[in-house]
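Okay, so here's the structure we're looking at.
Residue numbers (our numbering): 8 to 98.
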């Protein structure tokens, strides 16, 4: 690290424990792991569209959850447009 600076961040206890285990297993310093993770995230923010960096968690109300669960358990038959798209014939 060139010219190190201190930052502070609040993370869940579970995340901190994961970080500790990850760094210990690989013989790395936590500060190195955190800096590399931040650099990867910043680079991804430059290289990828904003839609690719959406939060990985969605909160659904009970009705929405039930609708999605039903569709996953019994998906509708594919449409002809979907078949064409999957064959590479879509627009």
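Each residue gets a CB set at the ideal place from its N, CA and C atoms; glycine is no exception.
For residue i, verify whether its CB is less than 8 angstroms away from any heavy atom of the ligand FAD.
| i | result |
| --- | --- |
| residue 18 | The ligand FAD is absent from the structure shown, which contains no ligand whatsoever. |
The alpha helix (DSSP H) with residue i in it runs from where to where?
| i | result |
| --- | --- |
| residue 69 | 69-80 |
| residue 34 | Here residue 34 belongs to no alpha helix (DSSP H), and DSSP marks it neither H nor E. |
State the DSSP-derived secondary structure class of residue i, mapped to helix, strand or coil.
| i | result |
| --- | --- |
| residue 52 | helix |
| residue 96 | coil |
| residue 16 | coil |
| residue 90 | helix |
Closest by CA to residue i, which one among the options?
| i | options | result |
| --- | --- | --- |
| residue 60 | 66, 49, 69 and 70 | 49 |
| residue 17 | 9, 26 and 46 | 26 |
| residue 37 | 65, 53 and 14 | 14 |
Under 9 angstroms, do residue i and residue j count as touching if we go by C-beta distance?
| i | j | result |
| --- | --- | --- |
| residue 31 | residue 39 | no |
| residue 93 | residue 82 | no |
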